[in-house]
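S.K.: Here the sequence shown is numbered in full-length UniProt numbering, starting from 1 and rising by one per residue. C-beta: ideal position from N, C-alpha, C; glycine also. Can you read through this structure? Questions will come right after.
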Amino acid sequence: MREFAVPPVVTVPDEDNTLTALWDAADNHPASILYMRSFDDGATWQDVTAPAFRDEVIAAAKGLAAAGVQPGDRVALMSSTRYEWTLLDYAIWAAGAVTVTIYETSSADQARWILEDSGAVAAIAETPEMKDLIEGLGTAVKDVWSIDGGGVDALNALGADSGVDIEERRTARRADDLATIVYTSGTTGRPKGCMLTHRNLLADIRNVIPEVPVVLFEGARMLMFLSLAHVLARILQIAGVESRTTIAHADRSKLTAIMPVVKPTTLLAIPRVFEKVYAGAHQKAVDGGKGHLFEKAAVCAKEYSRALDKPGGPGLGLKLRHKLWDVLVYGKIRAAVGGACTSAVSGGAALGPELGHFFRGVGITIFEGYGLTETSPVLSLNLPTAIKVGSIGRPIPGTALRVADDGELEAKGLQVFGGYWNNDAATAEVLDADGWFSTGDIAEIDDDGYVTITGRKKDIIVTAGGKNVAPGPMEKIMDAHPLIAYAMVVGEGRPYIGALISVDGDMLPDWLSRRGKDPKTAIADLTEDPELLAELQVKVDEANATVSKAEQIKRFRVIPVELSEDAGEITPSVKVKRHVVMEKYSSEINALYEKAREDTKR
Numbered sequence: 001m002r003e004f005a006v007p008p009v010v011t012v013p014d015e016d017n018t019l020t021a022l023w024d025a026a027d028n029h030p031a032s033i034l035y036m037r038s039f040d041d042g043a044t045w046q047d048v049t050a051p052a053f054r055d056e057v058i059a060a061a062k063g064l065a066a067a068g069v070q071p072g073d074r075v076a077l078m079s080s081t082r083y084e085w086t087l088l089d090y091a092i093w094a095a096g097a098v099t100v101t102i103y104e105t106s107s108a109d110q111a112r113w114i115l116e117d118s119g120a121v122a123a124i125a126e127t128p129e130m131k132d133l134i135e136g137l138g139t140a141v142k143d144v145w146s147i148d149g150g151g152v153d154a155l156n157a158l159g160a161d162s163g164v165d166i167e168e169r170r171t172a173r174r175a176d177d178l179a180t181i182v183y184t185s186g187t188t189g190r191p192k193g194c195m196l197t198h199r200n201l202l203a204d205i206r207n208v209i210p211e212v213p214v215v216l217f218e219g220a221r222m223l224m225f226l227s228l229a230h231v232l233a234r235i236l237q238i239a240g241v242e243s244r245t246t247i248a249h250a251d252r253s254k255l256t257a258i259m260p261v262v263k264p265t266t267l268l269a270i271p272r273v274f275e276k277v278y279a280g281a282h283q284k285a286v287d288g289g290k291g292h293l294f295e296k297a298a299v300c301a302k303e304y305s306r307a308l309d310k311p312g313g314p315g316l317g318l319k320l321r322h323k324l325w326d327v328l329v330y331g332k333i334r335a336a337v338g339g340a341c342t343s344a345v346s347g348g349a350a351l352g353p354e355l356g357h358f359f360r361g362v363g364i365t366i367f368e369g370y371g372l373t374e375t376s377p378v379l380s381l382n383l384p385t386a387i388k389v390g391s392i393g394r395p396i397p398g399t400a401l402r403v404a405d406d407g408e409l410e411a412k413g414l415q416v417f418g419g420y421w422n423n424d425a426a427t428a429e430v431l432d433a434d435g436w437f438s439t440g441d442i443a444e445i446d447d448d449g450y451v452t453i454t455g456r457k458k459d460i461i462v463t464a465g466g467k468n469v470a471p472g473p474m475e476k477i478m479d480a481h482p483l484i485a486y487a488m489v490v491g492e493g494r495p496y497i498g499a500l501i502s503v504d505g506d507m508l509p510d511w512l513s514r515r516g517k518d519p520k521t522a523i524a525d526l527t528e529d530p531e532l533l534a535e536l537q538v539k540v541d542e543a544n545a546t547v548s549k550a551e552q553i554k555r556f557r558v559i560p561v562e563l564s565e566d567a568g569e570i571t572p573s574v575k576v577k578r579h580v581v582m583e584k585y586s587s588e589i590n591a592l593y594e595k596a597r598e599d600t601k602r
């Protein structure tokens, strides 16, 4: 069993909670700008200082308390990422309560489950429609406010003359008190409520901030567009206050217009976002007749990045080529994300070394990390002083990681949760008596402590011939193609490995136009298109080149629609729900093996 541990650099005092840093910033750093708040649909922006934000938090917290919310009560928050999400999260904490997050895209059934399981007594919804949805579920929730329906003003008015002592409530919450219940994305069944304490969250992020001074620091600007219901965005929301980094909230669909205004110094994103940026830049170059130049620039960027890890660094010739491409290509990519961005944080899934090297070569270093909802979430991270592109970094300070005999990665640290809400049986399955948490991921740890995830334990495919195949690495290679939204490797109990490919509906029209085809052609009409299949086969061949012959994809099929969250096939954190896709597209999977059955009959 291989184990690697890093001692903590920061300890969390028992009296601290997630509000401590905000009160410290307001009292001792009053000029700190914690947020850039947008108005008029992003047309205008206003700086929010630490004292101003604290005052808003107190006003909303008084309203919650006046409405009857007691310390320890659960309050649900269902909204897209916006300034008010953060404001109300901190207000719930200031009232002494516990925030229960619900994705804004959740169905009525999902919302009902979370509200009932958590025992939420109140809820805050983004829109009047979401408010109506919650009120119509018949749960024990007594009060529901709508952000767009004047909910924040209503809370402020309710608490204005209440006389509630928020200071007493705030200081009464201790590090080991429950801060939030974050439900898992439900890729394998009913979402489970992860209980995270104030200590879990603070131990995690306070041990990261000193290690990434080029990412989180006073005066840095972070663009927040991932869902704050996801624990990755949530921990960096807390990081913003802890490090006094300025955060601007954004709608993902409006990033192109917002980035030049905010000029972020760092981005938080999942791999899919970086894949889209790369694919978009490539497509733009192809459309302009300069695709071959972009591809040469991409090769140079990757070579330059890899050379940075070698003794002596890049040679003179490579430096000159890199400088040329920086003027012609790389500078334009950096300009597209605001012109000031030099770093990014990626989590939620494996990024892949090719993308990592490309962006570092362009001048945007992506610090890839790893964690789960149950671990607050960061367990490992590539750092400015210790980076290995393609890995998920080394354990962050205060964390121990080990690989069990069956290859599963296990973790221990103060950021590891205490269990699932109302589910002792599920807790016992993942936490042992010594506090080691079973992640469910298959991993390797090298001699320097860098961790590489090679697959998901439950996703390991065992073919009819007994071959164990990890689908993740091959899927990641295929996902990097501009035309591929999602690739899913299959083959459990089958004679060979196959794959389902979901085509990217945003990229398809341009591809069709360049080939003289109708750009409005539906994906369903292209599943047997020879040109499309030939293009996708190139990427399948690339994935096959990385594995043994027995693990290679023998056949693939294009499914007739793009997988989506609305259809229940993709989680809000952009992971494929394998069990859903397997069931929904069982006929497509069976078709992959029809030829094998015919051959057997002969």
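Can you grab the Cα-Cα spacing for the pair Asp89 / Leu293, in whole Å?
M.R.: Approximately 47 Å between the Cα atoms of the pair.
S.K.: Figure out for me which residue from Gln46, Val451 and Gly151 has the closest Cα to the Cα of Ser79.
M.R.: Gly151
S.K.: Is the beta carbon of Ala480 closer than 8 Å to that of Glu242?
M.R.: Not a contact, by the Cβ cut-off of 8 Å.
S.K.: List in chain order: all unbroken beta strand (DSSP E) runs of 3+ residues lying wholly within the segment 200-250.
M.R.: 221-224 and 246-249
S.K.: Can you tell me which of Gly331, Val547 and Leu409 puts its alpha carbon nearest to the alpha carbon of Ile477?
M.R.: Val547
S.K.: Inspect the beta-carbon positions of Gly472 and Ala350 and report whether they are closer than 8 Å.
M.R.: yes
S.K.: When the Cα atoms are used, what is the spatial distance from Asn382 to Arg494?
M.R.: 38 Å
S.K.: Which whole-angstrom value describes the C-beta separation of Gly568 and Lys577, a residue pair presumed to lie in contact below a C-beta threshold of 8 Å?
M.R.: 7 Å
S.K.: Leu268 and Ala248: beta carbons closer than 8 Å?
M.R.: no
S.K.: Take Gly240 and list the residues in its own chain whose beta-carbon comes closer than 7 Å to its own, dropping the five residues that flank it on each side.
M.R.: Leu34, Met222 and Ile247
S.K.: Grouping DSSP H, G and I as helix and E and B as strand, with all else coil, what is Lys310?
M.R.: coil
S.K.: Looking at the strands, I want to know which residues DSSP matches up with Met78.
M.R.: Ile102 and Ala125
S.K.: With Pro482 and Ile523 assumed to form a contact (beta carbons below 8 Å), what rounded beta-carbon distance in angstroms separates them?
M.R.: Between Ile523 and Pro482 the Cβ distance is about 15 Å, and since that is not below 8 Å, they are no contact.
S.K.: How would you label Gly505, buried or exposed, when you count the other beta carbons within 10 angstroms and need 16 or more for buried?
M.R.: exposed
S.K.: Ignore the nearest five residues each way along the sequence and tell me which others in Trp23's own chain have a CB closer than 8 Å to its CB.
M.R.: Arg54 and Arg170
S.K.: Does DSSP put Gln46 in a helix, in a strand, or in coil?
M.R.: It is a strand residue.
S.K.: Considering only C-alpha positions, which residue in the set Phe225, Val362 and Val286 is nearest to Lys319?
M.R.: Val362
S.K.: Does the Cβ-Cβ distance between Ser185 and Ser573 come in under 8 Å?
M.R.: yes
S.K.: Report back the beta-carbon spacing between Ile114 and Ile124 to the nearest angstrom; my notes put them in contact at under 8 Å.
M.R.: That pair is no contact at about 14 Å.
S.K.: Please report the distance separating the alpha-carbon of Gly331 from that of Gly72.
M.R.: 50 Å
S.K.: Out of curiosity, what's the CA-to-CA distance linking Asp40 and His29?
M.R.: 29 Å
S.K.: Sort out for me which residues DSSP pairs Phe437 with in a bridge.
M.R.: Ala411 and Leu431
S.K.: Roughly how many angstroms lie between the CA atoms of Arg321 and Ala298, to the nearest whole one?
M.R.: 11 Å
S.K.: Between the Cα of Leu137 and the Cα atoms of Lys467, Ser118, Ala157 and Ala111, which residue gives the shortest distance?
M.R.: Ala111
S.K.: Using 8 Å as the Cβ pair cut-off and three pairs as the minimum, do the segment 5-23 and the segment 160-178 touch?
M.R.: yes
S.K.: Decide if the segment 410-418 is in contact with the segment 374-389; the criterion is three or more beta carbon pairs, one per stretch, under 8 Å apart.
M.R.: yes
S.K.: Please say whether Gly393 and Ala203 have beta carbons closer to each other than 8 Å?
M.R.: no
S.K.: Can you give, in chain order, each stretch of the alpha helix (DSSP H) that sits fully within the segment 284-329 and has at least 4 residues?
M.R.: 291-308 and 316-325
S.K.: Check whether the segment 256-270 touches the segment 212-221, counting contact only when three or more Cβ pairs, one atom from each stretch, lie closer than 8 Å.
M.R.: The way I'd put it, the segment 256-270 does touch the segment 212-221; three or more beta-carbon pairs between them come closer than 8 Å.
S.K.: Taking the beta carbon of Gln237 as the centre, do at least 16 other beta carbons fall within 10 Å, making it buried, or is it exposed?
M.R.: buried
S.K.: Measure the C-alpha to C-alpha separation of Ser162 and Ala66 and round it to an integer number of angstroms.
M.R.: 6 Å
S.K.: So, are the CB atoms of Thr463 and Ile497 less than 8 Å apart?
M.R.: For Thr463 and Ile497, yes; Cβs fall inside 8 Å.
S.K.: With a 10 Å radius around its C-beta and 16 neighbouring C-beta atoms as the bar for buried, classify Leu401 as buried or exposed.
M.R.: buried
S.K.: Tell me whether Leu178, by its Cβ, gets closer than 7 Å to a heavy atom of the ligand COA.
M.R.: As for the ligand COA, it is missing from this structure, which has no ligand bound.
S.K.: So, with DSSP's three-state summary, where would you put residue 606?
M.R.: Absent from the model: residue 606. The displayed extent of the chain is 1 to 602, so no value can be given.
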